[in-house]
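Colleague: So the sequence shown is numbered by my numbering: it starts at 649 and just counts up by one. Please find one structure pasted underneath; my questions will follow.
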Amino acid sequence: MTERVEALKRAYRERDQVVRFIAESGHFRVSVVKNTRAAQTAQQRHQLSPLAAVMLAKTMAASSLLASFLKGEERVVIEAMGNGPLRKVLAEALKVGEVRGYVANPAATLDFSQQNVRLGDALGVGVLRVSRILYNRVEPVTGIVELRRGDISSDVAYYLWRSEQVPSVVLLDVTIDKEGTIEQSGGVLIQTLPGATEPEIQEVEDQLRMFRSLTTLFEQGYMPPEIAATLVPFPLQQVDSTPVDFFCRCSKDRFKAALLMLGVEELRGMLQDGHRELVCKYCGERYELSEDELRAMIAQLDARKN
Numbered sequence: 649m650t651e652r653v654e655a656l657k658r659a660y661r662e663r664d665q666v667v668r669f670i671a672e673s674g675h676f677r678v679s680v681v682k683n684t685r686a687a688q689t690a691q692q693r694h695q696l697s698p699l700a701a702v703m704l705a706k707t708m709a710a711s712s713l714l715a716s717f718l719k720g721e722e723r724v725v726i727e728a729m730g731n732g733p734l735r736k737v738l739a740e741a742l743k744v745g746e747v748r749g750y751v752a753n754p755a756a757t758l759d760f761s762q763q764n765v766r767l768g769d770a771l772g773v774g775v776l777r778v779s780r781i782l783y784n785r786v787e788p789v790t791g792i793v794e795l796r797r798g799d800i801s802s803d804v805a806y807y808l809w810r811s812e813q814v815p816s817v818v819l820l821d822v823t824i825d826k827e828g829t830i831e832q833s834g835g836v837l838i839q840t841l842p843g844a845t846e847p848e849i850q851e852v853e854d855q856l857r858m859f860r861s862l863t864t865l866f867e868q869g870y871m872p873p874e875i876a877a878t879l880v881p882f883p884l885q886q887v888d889s890t891p892v893d894f895f896c897r898c899s900k901d902r903f904k905a906a907l908l909m910l911g912v913e914e915l916r917g918m919l920q921d922g923h924r925e926l927v928c929k930y931c932g933e934r935y936e937l938s939e940d941e942l943r944a945m946i947a948q949l950d951a952r953k954n
């Protein structure tokens with residue numbers, strides 16, 4: 649029984665999760681995410697280069713942090729696009745803990761042996777778009793800013809300041825092993841709320857200057873509540889904790905419904921050319937349509953004309 653309990657404790661501590669806090673003073677709110685397994689799953693599913701894996705892991709962490717302040721199945725989409733070799737990275741996270749994403753060029757690389765090459769060159773010059781899909785809004789709430797550094801951390805912090813006028817600290821940290829596989833991944837978001845005094849803000853800034861690597865703390869067994877206590881020099885109240893999983897709601901039925909909207913000629917072309925494999929760009933899942941399924945869909949559209 650003791651071994652089982654210890655195994656459950658280990659599984660819990662290793663679980664990806666996002667945890668949200670508010671300072672007892674009400675002057676700061678904090679969110680901390682560990683998304684190591686989700687990032688590893690994304691790298692495996694999309695067969696990502698180390699560079700692409702790091703950029704997607706950071707974007708997924710950022711989307712989970714922003715989604716932690718939403719409700720139920722409300723969601724956040726972060727999309728960074730530029731003229732660099734990665735071209736585009738997108739991640740979508742739901743308040744309930746689901747996260748998924750992809751990059752335009754899974755094989756993207758940079759030669760870091762070259763002088764002045766930095767991580768932000770993966771995206772280069774471009775824009776960051778953040779969209780929130782909310783219950784009480786017909787259209788997504790969207791903001792767009794230019795990429796500041798292309799490292800996602802600085803870009804999301806800049807977006808929060810420019811689009812929402814919320815002073816924010818965004819820390820996103822990812823490490824990879826010698827084989828180029830994600831080892832640890834996570835992030836922290838600290839936001840200053842109305843009423844915060846200059847001395848309080850200075851205390852937080854001083855604490856951040858002394859902060860060790862986020863992924864190092866994960867390797868040492870720290871979890872989000874312990875990391876939040878390390879980062880913020882004020883008493884915090886935990887608001888909620890949500891498991892985080894790489895999860896996509898795609899299905900063959902959803903693909904078929906989308907194909908029906910393309911029209912009968914498109915389906916006839918697919919049947920004639922033998923294009924029956926469908927691939928979800930968000931999660932890499934593959935679905936195979938049989939000839940009978942395609943013919944049935946064509947017959948369904950033909951029947952609507954009569």
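Just so you know, even glycine gets a beta-carbon here, dropped at the ideal spot from N, CA and C.
Can you tell me the Cα-Cα spacing of A877 and D825, whole angstroms?
Modeller: Rounded to whole angstroms, A877 to D825 spans 28 angstroms at the Cα level.
Colleague: Roughly how far, in whole angstroms, is the beta-carbon of T790 from the beta-carbon of R777, given that I think they are within contact range, below 8 angstroms?
Modeller: Confirmed, about 6 angstroms.
Colleague: Unbroken beta strand (DSSP E) runs of length 3 or more, entirely within the region 818-855: which are they?
Modeller: Listed in chain order, the complete beta strand (DSSP E) runs (minimum 3 residues) inside the region 818-855 are 830-840.
Colleague: If you draw a straight line from the alpha carbon of A755 to that of Q839, how long is it in whole angstroms?
Modeller: Whole-angstrom Cα-Cα distance: 35 angstroms.
Colleague: Quick one: using the 10 Å Cβ neighbour count with 16 as the cut-off for buried, is G749 buried or exposed?
Modeller: Buried, because 16 or more other Cβ atoms sit within 10 Å of the Cβ of G749.
Colleague: To the nearest angstrom, how far is it from the Cα of S716 to the Cα of E867?
Modeller: Answer to the nearest angstrom: the Cα atoms are 23 angstroms apart.
Colleague: From what residue to what residue does the beta strand (DSSP E) around A739 run?
Modeller: Here the beta strand (DSSP E) through A739 covers 736-742.
Colleague: Near V765, what residues of its chain come up, given a Cβ to Cβ distance below 7 angstroms and the 5 sequence neighbours on each side ignored?
Modeller: Excluding sequence neighbours, V765 sits near L758, D759.
Colleague: Should the region 912-919 be regarded as contacting the region 696-707, the criterion being three or more beta carbon pairs within less than 8 angstroms?
Modeller: The region 912-919 is not in contact with the region 696-707.
Colleague: Does G674 come out as helix, strand or coil in the three-state DSSP assignment?
Modeller: Coil.
Colleague: Tell me which same chain residues have a C-beta within less than 6 angstroms of the C-beta of V680, skipping the five on either side of it?
Modeller: For V680, where only same-chain residues beyond five positions count, the Cβ hits under 6 angstroms are V667, V836, P872, I875, A876.
Colleague: Can you name, in chain order, every residue of its own chain whose Cβ lies under 7 angstroms from the Cβ of V927, other than the five neighbours on each side?
Modeller: Correct list, in chain order: R934.
Colleague: Taking the beta carbon of K682 as the centre, do at least 16 other beta carbons fall within 10 Å, making it buried, or is it exposed?
Modeller: Counting Cβ neighbours within 10 Å, K682 comes out buried, since at least 16 surround it.
Colleague: In terms of residues, what are the limits of the alpha helix (DSSP H) holding P891?
Modeller: From DSSP, P891 is part of no alpha helix (DSSP H) but of the beta strand (DSSP E) over 884-891.
Colleague: Bridge partners for T790 per DSSP, in chain order?
Modeller: T790 pairs with S779.
Colleague: Out of I946, K929, E794, which has the shortest C-alpha to C-alpha gap to L937?
Modeller: Among I946, K929, E794, the Cα nearest to that of L937 belongs to I946.
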